[in-house]
Amino acid sequence: MVNRRHIRIKVMQSIYAVLQSKSDDLPKEEKFLLFNIKKATDLYVLQLLLMLEVRNLSLEHIEIKKKKYLATDEDRNPSLKFINNSVINAISESPEIMEYAAKTKLMKWKDNREYVRIILDDMMQSEHYKAYTNSNTSNFSEDQTFVMDFFKKTLAPNEKLFDYYESLNLSWVDDYPLINTTILKVIKQLKKGEFLSLKQLEVKKDDEEFLIDLFRKTVLHQHEFTPEIDDKTPNWDTERIADMDMILIKMALTEFLYFPSIPTKVTINEYIEIAKDYSTRKSSYFINGVLDKLLKDYNKSGRLNKIGRGLL
Numbered sequence: 011m012v013n014r015r016h017i018r019i020k021v022m023q024s025i026y027a028v029l030q031s032k033s034d035d036l037p038k039e040e041k042f043l044l045f046n047i048k049k050a051t052d053l054y055v056l057q058l059l060l061m062l063e064v065r066n067l068s069l070e071h072i073e074i075k076k077k078k079y080l081a082t083d084e085d086r087n088p089s090l091k092f093i094n095n096s097v098i099n100a101i102s103e104s105p106e107i108m109e110y111a112a113k114t115k116l117m118k119w120k121d122n123r124e125y126v127r128i129i130l131d132d133m134m135q136s137e138h139y140k141a142y143t144n145s146n147t148s149n150f151s152e153d154q155t156f157v158m159d160f161f162k163k164t165l166a167p168n169e170k171l172f173d174y175y176e177s178l179n180l181s182w183v184d185d186y187p188l189i190n191t192t193i194l195k196v197i198k199q200l201k202k203g204e205f206l207s208l209k210q211l212e213v214k215k216d217d218e219e220f221l222i223d224l225f226r227k228t229v230l231h232q233h234e235f236t237p238e239i240d241d242k243t244p245n246w247d248t249e250r251i252a253d254m255d256m257i258l259i260k261m262a263l264t265e266f267l268y269f270p271s272i273p274t275k276v277t278i279n280e281y282i283e284i285a286k287d288y289s290t291r292k293s294s295y296f297i298n299g300v301l302d303k304l305l306k307d308y309n310k311s312g313r314l315n316k317i318g319r320g321l322l
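In structure tokens:
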């Protein structure tokens with residue numbers, strides 16, 4: 011689930027926090043950084059549990075309608091396709107998901123059912139729900155397609171839900187797109203009879219090492235890069251350069267010099283793309299220009315120590 015760009019974003023945010031707070035307790039900051047990136051698993055599980063709670067609330071509504079004094083035939087014999095959806099059942103029957111939820115006490119939807127109602131109402135008004143419940147067929151593939159449509163078109167784009175998650179954990183703003191993409195991928199790859207698991211959320215050892223190394227080496231070497239950046243930006247006061255731009259440039263220079271297996275083109279492209287989302291409108295051009303100049307200097311002076319072909 012966790013990719014290198016996501017790791018770079020998390021490191022960027024942690025470096026910004028360290029520089030703003032002037033903290034020098036790197037082990038403490040590294041521990042928090044690891045905790046923060048693994049916390050995305052909570053968001054993953056919450057999204058899955060929300061679909062389950064929508065199903066449960068739908069069942070409650072069906073039972074209430076059946077007991078109405080003037081219940082219609084439709085009230086007495088409602089469609090149970092959503093209630094019996096095999097993909098939703100793969101969530102509720104997953105020991106791994108339910109054990110994680112119980113262990114971390116992620117039962118927030120029990121106390122925040124207004125969000126469950128909002129999602130349920132939106133779902134029931136959608137065309138994909140109407141088409142699904144009115145269909146005469148019933149099979150795993152149809153269940154799977156519906157859940158993907160439900161998640162992609164109703165649940166994930168809901169702004170009130172996004173605001174709620176942001177209030178719980180600010181870092182989830184950046185995790186949200188990645189988690190939603192992961193969930194869709196997991197549902198698409200799910201086979202009949204399988205349960206959902208957390209294996210897609212595991213942070214690989216090499217990614218964890220990259221996370222810590224990039225954070226620590228950038229913080230420890232960032233002062234060395236300041237005069238070099240100044241030299242390539244003679245028409246700019248250091249104080250006029252956006253803080254985020256400086257951090258991204260220094261992270262890229264750290265990768266140039268201290269990560270021999272990462273191609274310089276990959277490094278430049280990654281930080282240009284991050285700058286587009288997290289800094290000013292013209293930052294990507296500025297960062298590209300500074301990195302290009304410094305890379306030429308590093309090549310001439312022999313400071314680059316890249317391993318393998320095509321890494322320069």
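Following the numbering used here, the numbering of the sequence shown begins with 11 at its first residue and continues without gaps.
Here a beta-carbon is modelled for each residue, glycine too, at the ideal position from N, C-alpha and C.
Looking only at C-alpha atoms, which of the options sits nearest to residue i?
i      : options                           : result
Ile101 : Ser136, Tyr54 and Ser177          : Tyr54
Asn168 : Val229, Glu106 and Pro187         : Pro187
Leu329 : Asp35, Leu178 and Val126          : The shown model of the chain, from 11 to 322, leaves out residue 329, and the question about it has no answer.
His16  : Val300, Tyr308, Ile239 and Phe220 : Phe220
Asp159 : Thr147, Ala141, Lys118 and Gln23  : Ala141
Lys316 : Pro270, Gly299 and Glu109         : Pro270
His226 : Thr191, Ile193, Asp255 and Thr264 : For clarity, residue 226 is Arg in the given sequence; the question names His instead. Nearest C-alpha to Arg226: Thr264.
Tyr404 : Ser311, Phe266 and Ile251         : It is not possible to answer for residue 404, since the shown part of the chain is limited to 11 through 322.
Glu124 : Pro237, Tyr174, Met134 and Ala112 : Tyr174
Ile98  : Asn66, Asn190 and Asn122          : Asn66
Gln210 : Asn146, Glu103 and Ile107         : Ile107
Met254 : Glu109, Lys292, Leu171 and Gly312 : Lys292
Give the DSSP-derived three-state secondary structure of residue i in the structure shown.
i      : result
Pro187 : helix
Met117 : coil
Arg291 : coil
Arg127 : helix
Trp182 : helix
Gly203 : coil
Leu58  : helix
Ala252 : coil
Thr82  : coil
Ile278 : helix
Ser24  : helix
Glu109 : helix
Ala262 : helix
Thr147 : coil
Glu103 : coil
Arg18  : helix
Ser68  : helix
Asn221 : Looking at the sequence itself, residue 221 is Leu, so the reference to Asn does not match. Helix, per DSSP.
Ser141 : Residue identity differs from the one stated: residue 141 is Ala in this sequence, not Ser. In the structure shown, Ala141 sits in a helix (DSSP, three-state: H, G or I).
Arg313 : coil
Taking a contact to mean a Cβ-Cβ separation below 9 Å, would you say residue i touches residue j in this structure?
i      : j      : result
Ile257 : Thr228 : yes
Ser181 : Asn46  : yes
Tyr281 : Ala262 : yes
Phe92  : Phe161 : no
Gln57  : Ser96  : no
Leu178 : Lys215 : no
Val12  : Val196 : no
Asn298 : Ile278 : yes
Leu116 : Leu43  : no
Gln232 : Ile19  : no
Pro88  : Lys76  : yes
Phe205 : Pro105 : yes
Ser33  : Glu39  : yes
Compute the beta-carbon to beta-carbon distance between residue i and residue j, rounded to the nearest angstrom, for a pair I have assumed lies under 8 Å.
i      : j      : result
Lys242 : Leu304 : 6 Å
Thr51  : Leu301 : Wrong, their Cβ atoms sit about 34 Å apart, outside the cutoff.
Ile129 : Leu90  : No, Ile129 and Leu90 are not in contact; Cβ-Cβ is about 19 Å, not under 8 Å.
Met22  : Ile222 : Contact doesn't hold; Cβ gap of about 14 Å is too wide.
Lys163 : Ser145 : Rounded, the Cβ-Cβ distance is 17 Å, inconsistent with contact.
Is any heavy atom of the ligand PLP found at a distance shorter than 8 Å from the C-beta of residue i?
i     : result
Asn87 : As far as ligands go, the structure on display features none, and thus does not contain the ligand PLP.
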